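Below you can see the structure in the form of C-alpha cells.
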C-alpha cells in the first residue's frame, strides 16, 4: 500500500468511526419515556412483547414533561406512546394541555392531540379539535378551527389555522380570523399576537370595528396597552363625523391623535368638506387638523363644488365645538363655477359661511374683478350673498376688451350685494370714484367715458354694466369723448386687470402666477 492510499484509508476509517460514534451518542441522549404509575399494566402476548397496555390513572414522564390519561399504550422500542381519555400534558408552569387522545414521540418530543383540546399557558386558553405540539421547542399548530381566550380581559380570537410559539409568547392566526373584545372587533385574513407586548399585527385586508369608529387596512399593528397603532396600505378610519384615509396612518385610539402619510384624505361628513394632501396631522383632543403637500380642499354643495389649494391648511372647531374654522396659508387659490379667488392667506368659518381673505386678495365673479387690502365674503348654501372690501377697495369689469375699456369703482370700503351669484348693487363708503362707459342703445358701442367722484354712493348694476348711480353727496362728474382719452383719464391709480391669474377650472388652483 502506497503512502497516499494509506492516508486515504485511515481518513475514511476515522470518518466512518466518527459517524457511528456520533449516532451512538445521539442515541444515548434520547431520553426514554418513563412510566410513573398505572393501576394496571398488560403485556401484549400476541405481538410485540415489549408493548404495554396501561389502564387507570396512568402517568408518564419525559424530560421535564409529565403526561396523564385514563389508558395508554407504551412502545419502548420506538420510545412513543398513545394515550386515551382525560389526556393531559404538563410542562413546568408554562404549558398545560388536555385532550381526548394523544400520540407522543419521545425521540422528537412531538405530541399529536385530537379531540376537545385545551391549551393553557396562564394568560391564554386555546380550544381546538386538532393540535400538533413540539414539546421540546414549545411550538404548537392547529387547523380546522380554534378559539383563544385572553384570561386577563376575556377577549377572544377565532381562526381556521393557528400557530403558537410559547417561548416567544406569540400566536399567529390564518384564515377567517376574528378577534373580539369589549371595545372592538377585528376581522382579518392573517393576524399575529405578541402576548408579552399585548400587540396585534395584521396582514391582509383587516377591519376593526369599535363603538364609535371603524378602521380598515391591509397591514398594520395595534398596541392594546398604549392604544398606539399603525395602519398601512389603503388605510381608512371612519367615525360619526369624519373619515381619514391614506397610504399609512399612525393613530392613538385614546387621544385620537394621528398622522397620515401619502394620499391623505380627511373628510368632514357633517360639513361636506374633503381635504386631500401628501401629509396630515390630527389632534383629537383639540379637534385640530393640519395638512400640507399638494393640498386640495373640496366643499360640496347641492349643485356645485368649491376647490381650494394652498401650501398649508389648518382646521379646528370654534368655541361652540359645533362648527369648523379653516385657516389656509400661503399661495391660496380657489375655484367655484360662479366665483374664483386668490390671496396669501384665508379664514373660513362654517358657522356663518364667511370667508376672509388677507394680503393682496382678488376675487373674480362673472365679469367682475374685486380687490382690496382685505375681503370678506358671506355665503349661504354655497351662494355668495355679499362681499365686503376693506381699504383700497376696487371693482373692475370689462366693457370692451379689444379697446381695453374697463368700468371701474373704487373707494375706501366697498360692499357688493349679490343676487343669483351676480353683483346687482355696490355701496361705496369714503373716497368714492367711478369710471364707466356710456353705450349706444342700439349697437352697445361705447360713446364716451364718464368719470365721477363722490365720497358716498350706491352703484346699481345690470348685466355686469353700471346701470344707475345714487349719490349721497354732491358728485363731481365729467363726460369725456373717446378721442380725448389718455391712460391717466382712462384708469384709476393702481388699476390692474389680473385676468391672467384667474383660475378657469379646478386644476388651475395649483398654478400660482406672480403678477
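Numbering (the working numbering), first residue to last: 7 to 521.
Glycine residues also receive a C-beta, built at the ideal position from the N, C-alpha and C atoms.
Small disclaimer: the values here were computed from a predicted structure and weren't measured.
Which class does residue i belong to by DSSP, given the choice of helix, strand or coil?
i           : result
residue 406 : strand
residue 439 : strand
residue 508 : coil
residue 244 : strand
residue 304 : strand
residue 138 : strand
residue 28  : For residue 28, the predicted structure reports a pLDDT of 39, less than 50, and the residue's modelled location is therefore unreliable. The matter cannot be settled from this model.
residue 324 : coil
residue 57  : coil
residue 116 : strand
residue 445 : strand
residue 76  : strand
residue 514 : helix
residue 234 : strand
residue 519 : coil
residue 18  : Unreliable positioning characterises residue 18 in this predicted model, as indicated by a pLDDT of 40, which lies under 50. A coordinate reading is not provided.
residue 316 : coil
residue 125 : strand
residue 261 : coil
residue 334 : strand
residue 416 : strand
residue 83  : coil
residue 45  : coil
residue 3   : Because the chain is modelled from 7 through 521, residue 3 falls outside the range shown and cannot be assessed.
residue 33  : Caution applies to residue 33, whose pLDDT of 43 falls short of 50 and renders its modelled position unreliable; the model cannot decide the point.
residue 411 : strand
Give me whichever residues DSSP pairs with residue i in a beta bridge.
i           : result
residue 40  : 67
residue 431 : 423, 466
residue 276 : Looking at the DSSP assignment, residue 276 forms no beta bridge with any residue, so it has no partner.
residue 487 : 454
residue 267 : 254, 285
residue 152 : 134, 165
residue 295 : 288, 321
residue 311 : 306
residue 146 : 139, 170
residue 347 : 340, 369
Within the continuous beta strand (DSSP E) that includes residue i, where are the two ends?
i           : result
residue 471 : 471-477
residue 458 : 452-459
residue 108 : 101-111
residue 94  : 86-97
residue 500 : Element bounds for residue 500: n/a, residue is neither H nor E.
How close, in whole Å, do the beta carbons of residue i and residue j come, if the pair is a contact with beta carbons under 8 Å?
i           : j           : result
residue 96  : residue 117 : With 8 Å as the limit, residue 96 and residue 117 do not qualify as a contact, their Cβ atoms being about 12 Å apart.
residue 423 : residue 377 : At roughly 18 Å, the Cβ-Cβ gap does not stay under 8 Å, so residue 423 and residue 377 are not in contact.
residue 150 : residue 136 : 5 Å
residue 161 : residue 186 : 6 Å
residue 287 : residue 308 : Residue 287 to residue 308, Cβ: 31 Å. No contact.
residue 434 : residue 465 : 7 Å
residue 252 : residue 267 : 6 Å
residue 318 : residue 332 : Actually they are not in contact, since the Cβ atoms of residue 318 and residue 332 sit about 11 Å apart, beyond 8 Å.
residue 345 : residue 316 : With a Cβ gap of about 17 Å, residue 345 and residue 316 do not count as contacting.
residue 41  : residue 80  : 6 Å
residue 108 : residue 88  : 7 Å
Over what stretch of residues does the alpha helix (DSSP H) that includes residue i continue unbroken?
i           : result
residue 495 : 493-496
Mind checking whether the beta-carbon of residue i lies closer than 7 Å to any heavy atom of the ligand ADP?
i           : result
residue 511 : Ligands displayed in this structure: none; no statement on the ligand ADP is therefore possible.
Which runs of the beta strand (DSSP E), 3 residues or longer, sit entirely within the stretch 161-230?
-> 162-171, 176-186, 190-200, 205-216, 219-229
Which runs of the beta strand (DSSP E) fall wholly inside the stretch 349-404 and span at least 3 residues, in chain order?
-> Correct list: 360-364, 368-371, 374-377, 380-386.
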